[in-house]
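Just below is one structure, and these are the notes that go with it.
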Amino acid sequence: REELLLPIYYQVAVRFADLHDTPGRMQEKGVITDILEWKNARSFLYWRLRRLLLEETVKAEVLKANSELSHIHIQSMLRRWFMETEGAEK
Numbered sequence: 017r018e019e020l021l022l023p024i025y026y027q028v029a030v031r032f033a034d035l036h037d038t039p040g041r042m043q044e045k046g047v048i049t050d051i052l053e054w055k056n057a058r059s060f061l062y063w064r065l066r067r068l069l070l071e072e073t074v075k076a077e078v079l080k081a082n083s084e085l086s087h088i089h090i091q092s093m094l095r096r097w098f099m100e101t102e103g104a105e106k
């Protein structure tokens, strides 16, 4: 009986997982802020990676200037600097 039901349970589990991982559902739950269109994905991910790499470079420079700062403090400083120069809209 278990061997007979296993494929059916597998199909149900896959369908259940598919329903939970849709972009619309993830946005609805607040896991993501926006749905990324496939045609813009490469550009978006390129600039996201570039920003993250530059952030790490700046964090290393700040840490070199003041080694007593924690990573959380440095992240907070970067966020504050960004808000002061760019504002909350970006």
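Here the working numbering is used: the first residue of the sequence shown is 17, the next is one more, and so on. Ideal Cβ positions, reconstructed from N, Cα and C, are used throughout, including at glycine. These numbers were taken from a predicted model, which means no experiment stands behind them.
- DSSP places Glu18 in the helix class (H, G or I) of the three-state scheme.
- Check the Cα spacing between Phe98 and each of Ala57, Leu85, Glu71: the tightest is with Glu71.
- Between Glu19 and Tyr26, the alpha-carbon positions lie close to 11 Å from each other.
- Judged by beta-carbon spacing, Val74 lies beyond the 9 Å limit of Leu52, meaning their Cβ atoms are not closer than that value.
- Under the three-state reduction of DSSP output, Asp34 falls in the helix class.
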